[in-house]
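Colleague:
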Amino acid sequence: MLTVPLPRIGTWDAWRDAARACIAARIPPEDILWNYDDGAGELFATALPPPIVRGTVKVPADFVDMARWVVWHSDPQRFARLYAMLWRLRLDKGVMADRADPDLAKLRQLEKAVHRCKHKMRAFVRFRDLRTGGPRRSFAAWFEPTHHTLEPNAPFFARRFADMDWMIVTPDVTADFKDGTLTFHPGQTKPDLPDDATEELWGTYFKNIFNPARLKVKAMTSEMPRKYWKNMPEAQHIPDMIANAEARVRDMAMAAPTLAPARVARIREQLQDTPQPASWNLLTAGLHDCTRCPLHGPATQVVPGTGPQNAPLMIVGEQPGDAEDLAGMPFVGPAGQLFDQLAQQAGLDRRQAYVTNAVKHFKYEQRGKRRIHQNPDTPEIEHCRFWVETEIRLVKPRLILAMGGTAAESLTGSRKDLLKRRGKVEDTPHGPVFLTVHPSYLLRLPSHLKPDAQDAFVNDLRAVVAKLAA
Ligand code: URA
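Counting from 627, one number per residue, gives the positions in the sequence shown under this note's numbering.
(1) Can you tell me which of ILE998, ALA687, LEU1087 and ALA731 puts its alpha carbon nearest to the alpha carbon of VAL1051?
(2) Using three-state DSSP, classify ILE635 as helix, strand or coil.
(3) Return the residue from the list ALA687, TRP660, ARG752 and HIS741 that minimises the CA-CA distance to TYR709.
(4) Following the continuous alpha helix (DSSP H) through TRP660, name the residue where it begins and the one where it ends.
(5) Per DSSP, which one or two residues make a beta bridge with LEU1044?
(6) Mark ASN779 as exposed unless 16 or more other C-beta atoms lie within 10 angstroms of its C-beta, in which case mark it buried.
(7) Given 8 angstroms as the limit, is there contact between the segment 732-742 and the segment 793-804, that is, 3 or more CB pairs closer than that?
(8) With 8 angstroms set as the bound, which would you pick, yes or no: does the beta-carbon of GLU737 sit closer than that to a beta-carbon of chain B?
(9) Check ASP818 in the structure and name its three-state DSSP category.
(10) Of all residues in the structure, which have a C-beta closer than 5 angstroms to any heavy atom of ligand 1, taken in chain order?
(11) Given this structure, state the Cα-to-Cα distance separating MET747 from THR772, to the nearest angstrom.
(12) Taking all protein chains shown into account, do 16 or more other C-beta atoms lie within 10 angstroms of the C-beta of GLY636, making it buried, or fewer, making it exposed?
(13) State buried or exposed for ALA1028, treating a residue as buried only when at least 16 other CB atoms are found within 10 Å of its CB.
(14) Might you give, ordered along the chain, the residues of its own chain that have their beta carbon closer than 8 angstroms to the beta carbon of GLU872, omitting 5 neighbours on each side?
(15) Between which residues of its own chain and ALA861 is the CB-CB distance below 6 angstroms, once the five residues before and five after are set aside?
(16) What did DSSP end up calling VAL981 once you bin it into helix, strand or coil?
(17) Is it true that the CB of ASN983 sits closer than 8 angstroms to the CB of VAL942?
(18) ASN936: which of ALA979, HIS811, GLY912 and LEU913 sits nearest, CA to CA?
(19) So what's ARG993 in DSSP terms, helix, strand or just coil?
(20) Within the chosen definition, does the segment 926-934 reach the segment 1032-1043 through at least 3 CB pairs nearer than 8 angstroms?
(21) By the three-class DSSP mapping on this structure, what secondary structure does VAL751 have?
(22) Is the distance from the Cβ of ARG1048 to the Cβ of LEU1068 below 8 angstroms?
(23) Is it the case that the segment 956-975 contacts the segment 1019-1026, given that we only count it when at least three CB pairs across the two stretches are under 8 angstroms?
(24) Please classify PRO903 as buried or exposed, where buried requires at least 16 other C-beta atoms within 10 Å of its C-beta.
(25) By DSSP, does SER700 sit in helix, in strand, or in coil?
(26) Rounded to a whole number of angstroms, what is the C-alpha to C-alpha distance between HIS922 and ASP1003?
(27) State whether the segment 964-977 contacts the segment 905-920, with contact taken as three or more CB pairs (one from each stretch) at a distance under 8 angstroms.
(28) Taking Cβ to Cβ, would you say MET940 is nearer than 8 angstroms to PRO1023?
(29) For ASN870, I'd like the list of residues in its chain whose CB is within less than 8 angstroms of its CB, leaving aside the five on either flank, ordered along the chain.
(30) For PHE628, tell me which candidate among LYS804, CYS648, ILE864 and PRO1077 has the shortest Cα-Cα distance.
(31) Ignore the nearest five residues each way along the sequence and tell me which others in ARG616's own chain have a CB closer than 6 angstroms to its CB.
(32) ASP791: which of GLN945, PHE782, PRO812 and PRO761 sits nearest, CA to CA?
(33) Using 10 angstroms around the beta-carbon of LEU1075, count the other beta-carbons present and answer buried if the total reaches 16, otherwise exposed.
(34) Which of the three DSSP states is assigned to ILE941 in this structure?
(35) If we ignore side chains and look at the alpha-carbon of each, how far apart do VAL1091 and ALA949 end up?
(36) Who are the Cβ neighbours of TYR662 in its own chain at under 6 angstroms, not counting the five residues just before and after it?
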């Protein structure tokens, strides 16, 4: 049995050179004991085969790319696994392409874990300013990686922080970057590092960017595993932030801008006179507190329906747009203005209808200063259907006009073939639903197609008026 010593510093070079020599000397895997310096005792070695000249043993490049990461894993079997694969590659170069091969799959798994650990170190190392007063600023950090990733990761920090001196200490190895030169030394126990004024700032920043309404503890602890928290100054705030998240979401909802003040007063007045105050109050309060889907987070405010609470017609659009999000009222922007104009041509008085949307918050993507409309997805539509159903129960309309695919999906369960289904009434569990296109579809059409499309829309609205009159 050949025993090969592998040092903690320079492990990759040592393993690569020894593996090459052993392959060249045709020593099978079962005759080698890889003796990694885990700090437990003396390294001992039997006589190794003589070193070989680089290039004598041909190894696929993708094996080398993988092995140079796997050697840093903490699995005690990693060196033996790598060597066994190298042994197989002598006769079968195709193994590296065989994704179903269990030995390769295991090595890929180890490689992935090392890459993940490497990224965690890049994200979670927290340097403290040593304030040594020299010409270069000087920092130190203590870190406890899952695998032996400091050495392969240190060149990244050297590039990133080339203009300062720094030291990263781990239980395994210490990396020291001084005057542009990187050296490695044995690991240490946790050093007593000075308090750093930037830590408080960092903690404040962290608390401020935390959105309690978006809290997903599982996803958060997967991204920032708990074991790293103890060395991250900002993480001391996490338990409190989690514990208080629910209360903060409630406070945020109470404090959030809701309806424009003038409208608040008017709606409150209406609500006081309404024959069903409890139900409408509940609907309004529920809408303002709604966190059923993530859209409430970025939106300015919820946009409830408006109009007579006993309207014979309920008009359902898609979702508030930019203008509606700011105003807190549906259909006041360009699509709403076009609708008003075409409705007038059709003899439909919007003030006699209860006008609302299938989704009550504006969904958008921020691009520079602009907020670009995004289509709501099915889960968002589903969550919001709860409110649409409540509105239908309260208003009890004789007919519902669904404008566009989202309203069709919300009320009939399908947005398919809207252009074929438009102009007709469909029976649904919510009552009769008349389908048509959305006014913003008319706005987007090329100008030569607009007149006909608008005429067809006016005809649909005329049909709605006729059905209500019948
Ligand atoms: N589009 C809609 O569907 N609803 C609005 O309120 C505004 C634009």
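Note that beta-carbon positions come from the ideal geometry of N, C-alpha and C, so glycine has one too.
The model shown is predicted, which means the values in this text are computed figures rather than measured ones.
Modeller: In short, the structure shows the following:
(1) Within the sequence shown, numbered from 1, the residue matching residue 1051 stands at position 425. Looking at the Cα atoms, LEU1087 is the closest of the given residues.
(2) For the purposes of this step, residue 635 is taken as the residue at position 9 of the sequence shown. Correct three-state label for ILE635: coil.
(3) As a working mapping, residue 709 is identified with position 83 in the sequence shown. Checked all of ALA687, TRP660, ARG752 and HIS741; the closest Cα to TYR709 is TRP660.
(4) In the sequence shown, residue 660 corresponds to position 34, counting from 1. Here TRP660 belongs to no alpha helix (DSSP H); instead the beta strand (DSSP E) covers 658-662.
(5) For the purposes of this step, residue 1044 is identified with residue 418 of the sequence shown, where counting begins at 1. Answer by DSSP bridge pairing: none, since LEU1044 is not bridged.
(6) As a first step, residue 779 is located in the sequence shown; it is residue number 153 there, counting from the start. Per the 10 Å Cβ criterion, buried.
(7) no
(8) Among the chains in the structure shown there is no chain B, since it carries only a single protein chain.
(9) Residue numbering aside, residue 818 sits at position 192 when the sequence shown is read from its first letter. Coil at ASP818, not helix or strand.
(10) GLY943, GLU944, PRO946, GLY947, GLU950, PRO956, PHE957, ALA961 and ASN983
(11) Along the sequence shown, one-based indexing puts residue 747 at 121. Along the sequence shown, one-based indexing puts residue 772 at 146. For MET747 and THR772, the distance between alpha carbons rounds to 9 angstroms.
(12) As a first step, residue 636 is located in the sequence shown; it is residue number 10 there, counting from the start. So GLY636 ends up on the exposed side.
(13) Along the sequence shown, read from residue 1 onward, the residue named residue 1028 stands at position 402. With 16 or more Cβ atoms within 10 Å of its Cβ, ALA1028 is classed as buried.
(14) As a working mapping, residue 872 is identified with position 246 in the sequence shown. Cβ neighbours of GLU872 beyond the five flanking positions: PRO838.
(15) Locating residue 861 in the sequence shown gives position 235, where the first residue counts as 1. Excluding residues within five positions, the ones whose Cβ falls inside 6 angstroms are TRP855.
(16) On the sequence shown, residue 981 is found 355 positions in, with the first residue counted as 1. Looking at VAL981 - three-state DSSP - the assignment turns out to be strand.
(17) As a first step, residue 942 is located in the sequence shown; it is residue number 316 there, counting from the start. As a first step, residue 983 is located in the sequence shown; it is residue number 357 there, counting from the start. Closer than 8 angstroms, so yes.
(18) Translated into positions along the sequence shown, residue 936 becomes position 310. ASN936 has its Cα closest to that of ALA979, out of ALA979, HIS811, GLY912 and LEU913.
(19) Here the question's residue 993 lines up with position 367 in the sequence shown. Residue state, collapsed to three classes: strand.
(20) no
(21) Taking the first residue of the sequence shown as 1, we reach residue 751 at position 125. VAL751 falls in the coil class under three-state DSSP.
(22) As a position in the sequence shown, residue 1048 is number 422, starting the count at 1. As a position in the sequence shown, residue 1068 is number 442, starting the count at 1. Not closer than 8 angstroms, so no.
(23) no
(24) Here residue 903 corresponds to residue number 277 of the sequence shown, with the count starting at 1. Low per-residue confidence applies at PRO903: pLDDT is 30, beneath 50, and the placement is therefore not dependable enough to give any value.
(25) Numbered from its first residue, the sequence shown carries residue 700 at position 74. Coil.
(26) Here the question's residue 922 lines up with position 296 in the sequence shown. Here the question's residue 1003 lines up with position 377 in the sequence shown. C-alpha separation (whole angstroms): 14 angstroms.
(27) no
(28) One-based indexing of the sequence shown puts residue 940 at position 314. One-based indexing of the sequence shown puts residue 1023 at position 397. Yes. Within cutoff.
(29) Translated into the one-based positions of the sequence shown, residue 870 becomes position 244. Excluding positions up to five away in sequence, the list reads PRO838.
(30) Locating residue 628 in the sequence shown gives position 2, counting from the first residue. The identity of residue 628 in the sequence shown is Leu, whereas the question assumes Phe. The shortest Cα separation from LEU628 among LYS804, CYS648, ILE864 and PRO1077 belongs to CYS648.
(31) What the structure shows of the chain is the stretch from 627 to 1096, and residue 616 is not part of that stretch, so it cannot be assessed.
(32) In the sequence shown, the residue the question calls residue 791 occupies position 165. Residue PRO761 is the option with its Cα nearest to ASP791.
(33) In the sequence shown, residue 1075 corresponds to position 449, counting from 1. LEU1075 is exposed by the Cβ-count criterion.
(34) As a position in the sequence shown, residue 941 is number 315, starting the count at 1. In this structure, ILE941 counts as strand in the three-state DSSP scheme.
(35) For this step, residue 1091 is matched to residue 465 along the sequence shown. For this step, residue 949 is matched to residue 323 along the sequence shown. Distance between the alpha carbons of VAL1091 and ALA949 is about 28 angstroms.
(36) Here residue 662 refers to the residue found at position 36 of the sequence shown. If we look at TYR662 and ignore the five residues flanking it on each side, its Cβ neighbours are LEU632.
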